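Chains as they are written, first to last, in my numbering: chain A, 13 to 147; chain B, 7 to 114; chain C, 3 to 133.
Read through the structure below, which is laid out as structure tokens, and then see the notes.
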């Protein structure tokens, strides 16, 4: 069965490792702003950006020993909450090759692993692409 | 005439490439394109007066300079220290611009 | 030969992932190193100089239905580090790069220094680490 990519207004192609700069923060801010405007958004996470939805992270960051009462949600939680809040207008895809290459094949159930050979289907299924970050 | 939204995220701390991208923006404006250059993340430091002469050229050529207010506050830069002509924007402004069918977007 | 057992930590890179980092940013670990060693001196240069400048920045973002108010707050951490007794320098040139008004908003207790002056003192330290 052929997978049909849902059409979106914008595709955010996310390439870049967490914790290096504010790329991830910008991507989430921009996705939220686009969703606030009523747009349909898909994210294609490639390379080290596949780490954001790695199941191994769990729901929360490790405890802050300086203040154990405060919970710090992981990127897994934040992305899952976005997907739950916008089920009709947000999809999050991760490149299957990059997941495997970087040892992150165990992804959360809410994201869809896609083969890189099908990447261009996603490009054709959107009106605009923002290519955020580089390899 | 094309409409461009160019986004610079690295700024001077990222080295020469950010200056080249600002140059690209100025070049597009010089060719008569409608250009808005949006500085975000560390890119906002490029809008500090004197930091990127390329921005003066962009503005002189009719381009627009947008600066992310959130990033600016995060990096403790006072809006009064920015080049004249810089406009503080929120991400919703960027989203609205981006969703305009005619706008081409390039992230650096 | 070092004249003290102090460690000089030089921080150049900054703002490395607000959402994914939250409390666990560079200064969090610097505080812990100071707690363990008792002798940390910090130099903020490059964009890290911005950590020493006060700002009306609210460390929070809205994502879906949540207000994520646990983003890194480097100025708060720097104040705590100073209260802990650490020494914090900021390089003049990098302060200027943040605008003419930046030095007016320097956090109390942070010492301005010219880069060359501090390099001359590297040999006073047991360790000089870029962090």
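The C-beta atom is built at its ideal place from N, Cα and C for all residues, glycine as well.
A quick note: this is a predicted structure, and the numbers were derived from the prediction, not measured.
Just the chain C side, please: which residues come within less than 7 Å of residue 87(B) by C-beta, in chain order? What you label residue 87(B) is simply residue 81 of the second chain in a count that begins at 1. Here the neighbours are 101, 102, 103.
- prompt: For residue 74(B), does the count of other Cβ atoms within 10 angstroms reach 16, so buried, or fall short, so exposed?
  reply: Within the second chain, the letter at position 68 stands for residue 74(B). Residue environment analysis places residue 74(B) among the buried positions, since at least 16 neighbouring C-beta atoms fall within 10 angstroms of its C-beta.
Beta-carbon gap between residue 57(A) and residue 22(A) smaller than 8 Å:
The residue labelled residue 57(A) in the question sits at position 45 within the first chain. The residue labelled residue 22(A) in the question sits at position 10 within the first chain. No, Cβ-Cβ distance for residue 57(A) and residue 22(A) is not below 8 Å.
Notebook entry, point to check: Looking at C-alpha atoms only, which residue of 39(B), 56(B), 55(B), 81(B) is the closest neighbour of residue 55(C)?
Noted result: Taking the third chain and counting its residues from 1, one reaches residue 55(C) at position 53. Out of 39(B), 56(B), 55(B), 81(B), 81(B) has the C-alpha closest to the C-alpha of residue 55(C).
Cβ separation of residue 103(A) and residue 18(A), assumed to be a contact under 8 Å, to the nearest whole Å = Numbered from its first residue, the first chain carries residue 103(A) at position 91. Numbered from its first residue, the first chain carries residue 18(A) at position 6. About 6 Å separates the two Cβ atoms, so the contact holds.
| Closer than 9 Å, Cβ to any Cβ of chain A: which residues of the stretch 22 to 53 of chain B, in chain order? | Listed by position, the residues of the stretch 22 to 53 of chain B near chain A (Cβ gap below 9 Å) are 46, 47, 48.
Problem - CA-to-CA distance, residue 46(B) to residue 131(A), given in whole angstroms - result: Numbered from 1 along the first chain, position 119 holds the residue referred to as residue 131(A). Numbered from 1 along the second chain, position 40 holds the residue referred to as residue 46(B). Answer to the nearest angstrom: the Cα atoms are 27 Å apart.
Chain-ordered chain A contacts of residue 69(C) [CB-CB under 8 Å] = On the third chain, residue 69(C) is found 67 positions in, with the first residue counted as 1. Chain A residues near residue 69(C): none, gap ~11 Å exceeds 8 Å.
Q. Would residue 79(C) pass as a contact of residue 30(C) if the rule is Cβ separation under 8 Å?
A. Here residue 79(C) is taken as the residue at index 77 of the third chain, counted from 1. Here residue 30(C) is taken as the residue at index 28 of the third chain, counted from 1. Yes.
task: Would you list, in chain order, the members of the stretch 16 to 38 of chain C that have their beta-carbon closer than 9 Å to a beta-carbon of chain A?
output: Answer set for the stretch 16 to 38 of chain C: 17, 18, 19, 20, 21, 22, 23, 24, 25, 26, 30, 33, 34.
According to DSSP, which residues form a beta bridge with residue 54(A)?
The sequence position of residue 54(A) within the first chain is 42, counting from 1. Looking at the DSSP assignment, residue 54(A) forms a beta bridge with 23(A), 103(A).
Suppose contacts are defined by Cβ-Cβ distances below 8 Å. Is residue 86(A) in contact with residue 109(A) by that definition?
Here residue 86(A) refers to the residue found at position 74 when the first chain is read from its first residue. Here residue 109(A) refers to the residue found at position 97 when the first chain is read from its first residue. Not closer than 8 Å, so no.
| task | Kindly indicate which three-state DSSP category residue 100(C) falls into: helix, strand or coil? | result | Here residue 100(C) refers to the residue found at position 98 of the third chain. DSSP places residue 100(C) in coil when its eight states are reduced to three.
**OP:** Quick one: using the 10 Å Cβ neighbour count with 16 as the cut-off for buried, is residue 14(B) buried or exposed?
**Re:** The sequence position of residue 14(B) within the second chain is 8, counting from 1. Its Cβ being crowded by 16 or more others within 10 Å, residue 14(B) is buried.
Name, in chain order, the residues that DSSP records as bridge partners for residue 40(B). Within the second chain, residue 40(B) is the residue found at index 34, counting from 1. Its beta-bridge partners are 9(B).
TODO: Give the interface partners of residue 111(B) over in chain A, defined as CB-CB distance under 7 Å, in chain order.
DONE: Locating residue 111(B) in the second chain gives position 105, where the first residue counts as 1. Taking a Cβ-Cβ cut-off of 7 Å, the neighbours of residue 111(B) in chain A comprise 140, 142, given in sequence order.
- prompt: Taking Cβ-Cβ distances shorter than 8 Å, what residues in chain A pair up with residue 101(B)?
  reply: The residue labelled residue 101(B) in the question sits at position 95 within the second chain. Here the neighbours are 42, 45, 46, 48, 49, 51.
Alpha carbon to alpha carbon, how far is residue 101(B) from residue 10(B)? Give it in angstroms, no decimals.
The residue given as residue 10(B) occupies position 4 in the second chain. The residue given as residue 101(B) occupies position 95 in the second chain. Whole-angstrom Cα-Cα distance: 13 Å.
* List the residues of chain B that residue 79(C) touches, going by C-beta distances under 9 Å, in chain order. => In the third chain, residue 79(C) corresponds to position 77, counting from 1. Here the premise fails: no neighbours, minimum Cβ distance about 14 Å.
Self-check item: Beta-carbon gap between residue 73(A) and residue 26(C) smaller than 8 Å
Solution: Locating residue 73(A) in the first chain gives position 61, counting from the first residue. Locating residue 26(C) in the third chain gives position 24, counting from the first residue. In this structure, residue 73(A) lies near residue 26(C), with their beta-carbon atoms less than 8 Å apart.
By Cβ distance, which residues of its chain are closer than 6 Å to residue 89(C), with the 5 residues on each side in sequence left out? Within the third chain, the letter at position 87 stands for residue 89(C). Listed in chain order, the non-local C-beta contacts of residue 89(C) below 6 Å within the same chain comprise 43, local neighbours out to five positions each way being set aside.
- Query: In this structure, does DSSP put residue 66(A) in helix, strand or coil?
  - Reply: Position 54 of the first chain, counted from the start, is the residue given in the question as residue 66(A). Residue state, collapsed to three classes: strand.
Whose C-alpha, out of 35(C), 46(C), 9(C), 129(C), is nearest the C-alpha of residue 97(C)?
-> As a first step, residue 97(C) is located in the third chain; it is residue number 95 there, counting from the start. Closest in alpha carbon position to residue 97(C), among 35(C), 46(C), 9(C), 129(C), is 46(C).
- What is the DSSP secondary structure of residue 14(B), counted as helix, strand or coil? Counting from 1 along the second chain, the entry for residue 14(B) is found at position 8. Reduced to three states, the DSSP call for residue 14(B) is strand.
- If we call anything under 8 Å between Cβ atoms a contact, is residue 126(C) one with residue 5(C)? The residue you call residue 126(C) lines up with position 124 of the third chain. The residue you call residue 5(C) lines up with position 3 of the third chain. In this structure, residue 126(C) sits near residue 5(C), with a CB-CB distance shorter than 8 Å.
Test item: CB-CB of residue 44(B) and residue 72(B) under 8 Å
The residue given as residue 44(B) occupies position 38 in the second chain. The residue given as residue 72(B) occupies position 66 in the second chain. Yes, the Cβ-Cβ distance between residue 44(B) and residue 72(B) is below 8 Å.
Extent of the continuous beta strand (DSSP E) run through residue 144(A): Along the first chain, one-based indexing puts residue 144(A) at 132. Annotation: the continuous beta strand (DSSP E) that includes residue 144(A) extends over 138 to 144.
Sequence-distant residues of its chain with Cβ nearer than 7 Å to residue 62(B) (five each side left out): Along the second chain, read from residue 1 onward, the residue named residue 62(B) stands at position 56. In chain order, 89 place their CB closer than 7 Å to the CB of residue 62(B), counting only its own chain and leaving out the 5 sequence neighbours on each side.
message = Only counting the same chain, and skipping five residues up and downstream in sequence, which positions put a Cβ closer than 6 Å to that of residue 140(A)?
response = Position 128 of the first chain, counting from 1, holds the residue named residue 140(A). Only 22 meet the Cβ criterion.
Counting Cβ pairs, one atom from each stretch, are 3 or more of them under 8 Å apart for the stretch 48 to 58 of chain B and the stretch 94 to 113 of chain C?
-> Touching, yes.
**Q.** CA-to-CA distance, residue 78(B) to residue 116(B), given in whole angstroms
**A.** No information on residue 116(B) is available, as it lies outside the stretch 7 to 114 that chain B covers here.
* Taking only runs of the beta strand (DSSP E) that begin and end inside the stretch 59 to 95 of chain C, which ones reach a length of at least 3 residues, in chain order? -> Qualifying beta strand (DSSP E) stretches, in chain order: 63 to 65, 68 to 70, 89 to 93.
Quiz item: Would you report the Cα separation of residue 201(C) and residue 131(C), rounded to the nearest angstrom?
Solution: The first residue shown for chain C is 3 and the last is 133, placing residue 201(C) beyond what the model contains.
Checklist line | Cα-Cα separation, residue 64(A) to residue 37(C) | finding: Taking the first chain and counting its residues from 1, one reaches residue 64(A) at position 52. Taking the third chain and counting its residues from 1, one reaches residue 37(C) at position 35. Approximately 31 Å between the Cα atoms of the pair.
task = With residue 120(A) as the anchor, note down where its alpha helix (DSSP H) starts and where it stops.
result = Counted from its first residue, the first chain places residue 120(A) at position 108. Run containing residue 120(A): none; DSSP gives neither H nor E here.
Item to complete: Determine the contact status of residue 20(C) and residue 89(A), defining contact as a CB-CB distance below 8 Å.
Response: The count along the third chain starts at 1 and reaches residue 20(C) at position 18. The count along the first chain starts at 1 and reaches residue 89(A) at position 77. Residue 89(A) is positioned such that its CB atom lies no closer than 8 Å to that of residue 20(C).
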